[in-house]
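If you read the sequence shown in our numbering, its first letter stands for residue 4, the second for the next number, and so on.
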Amino acid sequence: MIRRRALSLAALTAGCIAGAVTLQRPAAAAETVDCWLNSSKQTCTIQPWRNGGFEISFSAGAIVRFVPAGPPTTDRRPMRDEQGRLWLMSGHHSFELVEQGGDRNTISVSSVRSEPAPALDHIAHGKVKLNGHGQNTVTLYAQPNFGAAIAGMGVSGETLDKLSCTTNSQGTWCRVGYPGQSGRVLWVQRESLIFLGDGE
Numbered sequence: 004m005i006r007r008r009a010l011s012l013a014a015l016t017a018g019c020i021a022g023a024v025t026l027q028r029p030a031a032a033a034e035t036v037d038c039w040l041n042s043s044k045q046t047c048t049i050q051p052w053r054n055g056g057f058e059i060s061f062s063a064g065a066i067v068r069f070v071p072a073g074p075p076t077t078d079r080r081p082m083r084d085e086q087g088r089l090w091l092m093s094g095h096h097s098f099e100l101v102e103q104g105g106d107r108n109t110i111s112v113s114s115v116r117s118e119p120a121p122a123l124d125h126i127a128h129g130k131v132k133l134n135g136h137g138q139n140t141v142t143l144y145a146q147p148n149f150g151a152a153i154a155g156m157g158v159s160g161e162t163l164d165k166l167s168c169t170t171n172s173q174g175t176w177c178r179v180g181y182p183g184q185s186g187r188v189l190w191v192q193r194e195s196l197i198f199l200g201d202g203e
């Protein structure tokens, strides 16, 4: 029951987030933002709904709708969900919504939208340079996640072949290979790579 309530609150709160976004610029089409229910990070897709309202689709699966519940005060705007619960929305570049009464759940949304990695990352094949960010080595993984087995250590600054890239909950990862060693499976986190253009 607790989990069920948390999911419902997550969706409801997401609706408030949508309202927050439109305080700066009305949403004319669906958009995706990073959001949090208390400390749980998720992604929300926001769409306009009725007069000044919003339909929110949470990455956990819930779909909820919010409408303004009155005029904004000095720095807060009341929003009401379909169950009649009141939330107060505040913030400027990033937004926060706090449930009034009940469990006083908190929803936060970043002003940064979730976007796919730059197009250069997804070219089928290319060259990349390992970037240790001040360290001499870069960890190479057997699978695209930090919990996977370590497949080797690369030297910062060396150039490898990029075979493919993928994005998951731990960010964007690219499969790389050393020339002449196509059989090895090596994955590197996007932040540890410099993508080289033609002629570099």
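C-beta atoms are modelled at their ideal positions from N, C-alpha and C, and glycine is treated no differently.
For D78, the number of other beta carbons within 10 angstroms of its own is below 16, and it is reported as exposed. Listed as beta-bridge partners of F69 by DSSP are F57 and D84. A residue is called buried when at least 16 other Cβ atoms come within 10 angstroms of its Cβ; D106 does not meet this threshold and is exposed.
Inter-segment contact for the region 62-71 and the region 79-87 is present: three or more beta-carbon pairs are separated by less than 8 Å. In this structure, DSSP gives R107 a state outside helix and strand, which the three-state scheme calls coil. Out of C38, R187 and G174, the CA that lies nearest to the CA of L196 is found in G174. When the beta-carbon positions are compared, V188 and A145 come within less than 8 Å of each other. Within the DSSP bridge table, the entry for R79 names S93 as partners. Within the same chain, and ignoring the five residues on either side of N171 in sequence, the residues whose Cβ sits closer than 8 Å to its Cβ are P147 and N148. When only Cα atoms are considered, L40 and V101 end up about 10 Å apart.
Counting the other CB atoms within 10 Å of its CB gives K165 a total of 16 or more, which places it among the buried residues. For L199, the beta-bridge partners assigned by DSSP are K130.
Excluding five sequence positions before and after R88, the CB atoms of its chain that fall closer than 8 Å to its own CB belong to L15, E102, Q103, G104 and G105, given in chain order.
Contact annotation: G180 and L199 have beta-carbon atoms that are not nearer than 8 Å. By the neighbour-count definition (other C-beta atoms within 10 Å, threshold 16), S42 is an exposed residue. Exclusion of the five residues before and after T142 leaves I153 and M156 as the residues of its chain whose Cβ lies within less than 7 Å of its Cβ. Closest in C-alpha terms to E161, from the list K132, P51 and N139, comes K132.
Sequence-distant partners of S62 (beyond 5 residues in either direction) whose C-beta falls short of 6 Å from its own C-beta, in its chain, are Q45 and T46. Taking the Cβ atoms as the reference, I49 lies roughly 6 Å from F57, within the contact range of under 8 Å.
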